[in-house]
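Below: the structure, in structure tokens.
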Amino acid sequence: MIGLCVGQPSTYWNTFNAGNLRAFELCAVCPLPAAGECGPQLEPLGLIVAGIAYDDKGVALARCPKCHYPMPRRKGYRNGVCGRAACPDGAKRRKRQQARAKAGIRHKPSMFREQIRELTLARVRRADIAEQLRLTPRGVREIQYQLGLTGEKLARALAEHQESTTSRKAA
Ligand SMILES: [Zn+2]
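Under the numbering used here, the final residue of the sequence shown carries the number 174; numbering is consecutive throughout.
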């Protein structure tokens with residue numbers, strides 16, 4: 004018995020190759036998987052085997068419901084996320100991101116550590132900081148937590164801050 008992949012461009016079976024759909028098609032009608040001669044027992048890495056795409060770690064990947072290509076795994080997404088530029092799903096996601104950027108919402112509170120520190124020590128409310136820096140209050144809180152500017156620590160930091168500014172004025 005001979006696999007249908009024999010004589011085909013082997014790159015089609017490299018996971019995330021543009022030829023993956025052709026590989027899936029051929030695997031679906033190939034006699035080898037049915038005969039148990041091709042399958043996960045081959046411990047595939049970064050390859051399509053018996054119609055399943057595996058990533059570099061050998062984890063089986065789900066396929067995109069829109070474009071049917073394999074989707075890379077991504078934290079927080081059970082089935083991964085389609086990363087293909089040509090995918091209609093990806094296009095929708097990019098549009099959403101662009102709209103967010105246009106609305107001026109930034110996504111990296113860590114870029115604003117210093118401003119968050121200053122505003123917090125100036126006793127500006129978290130919601131106001133978020134609005135001013137165009138961040139979410141949750142993102143601001145996360146940075147405040149990292150900076151030790153929440154709860155009891157905040158009270159201490161504010162007291163110290165006040166002290167240092169008053170002594171500076173006095174001097
Ligand atoms: Zn897709």
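By construction, the Cβ of each residue, glycine as well, lies at the ideal position given by its N, Cα and C atoms.
- request: Verify the contact flag: Asp-92, CB atom, against every heavy atom of ligand 1, threshold strictly below 6 Å.
  value: What you label residue 92 is simply residue 89 of the sequence shown in a count that begins at 1. True, at least one ligand heavy atom lies under 6 Å from that Cβ.
query: So what does Pro-47 bridge to, in DSSP terms?
result: For the purposes of this step, residue 47 is taken as the residue at position 44 of the sequence shown. In the DSSP output, where bridge partners are listed per residue, Pro-47 has none listed.
field: Beta carbon of Phe-19 nearer than 7 Å to that of Gly-54
entry: For the purposes of this step, residue 19 is taken as residue 16 along the sequence shown, with counting starting at 1. For the purposes of this step, residue 54 is taken as residue 51 along the sequence shown, with counting starting at 1. Result no, Cβ atoms of Phe-19 and Gly-54 do not sit closer than 7 Å.
- prompt: Quick one, are the C-beta atoms of Val-143 and Ala-158 less than 7 Å apart?
  reply: Position 140 of the sequence shown holds residue 143. Position 155 of the sequence shown holds residue 158. Contact: no.
query: Quick one: what's got a C-beta closer than 8 Å to Gly-61's C-beta in the same chain, skipping five residues either side?
result: Looking up residue 61 in the sequence shown gives position 58. Within the same chain, Gly-61 has close Cβ partners Glu-46, Pro-47 and Leu-48.
query: Between Leu-138 and Arg-120, what straight-line distance do the alpha-carbon atoms span, to the nearest angstrom?
result: As a working mapping, residue 138 is identified with position 135 in the sequence shown. As a working mapping, residue 120 is identified with position 117 in the sequence shown. Each residue's alpha carbon lies about 14 Å from the other.
- request: With a threshold of 6 Å, establish whether the CB of Lys-95 neighbours any heavy atom of ligand 1.
  value: Here residue 95 refers to the residue found at position 92 of the sequence shown. Answer for Lys-95: no, Cβ out of range of ligand 1.
Minimum C-alpha distance to His-71 - residue among Arg-96, Asp-131, Ala-56 and Arg-77: For this step, residue 71 is matched to residue 68 along the sequence shown. Comparing Cα-Cα distances from His-71 to each of Arg-96, Asp-131, Ala-56 and Arg-77, the minimum goes to Ala-56.
field: Ala-65 versus Phe-115: straight-line alpha-carbon distance, rounded
entry: Position 62 of the sequence shown holds residue 65. Position 112 of the sequence shown holds residue 115. Taking the straight line joining both Cα atoms gives about 37 Å.
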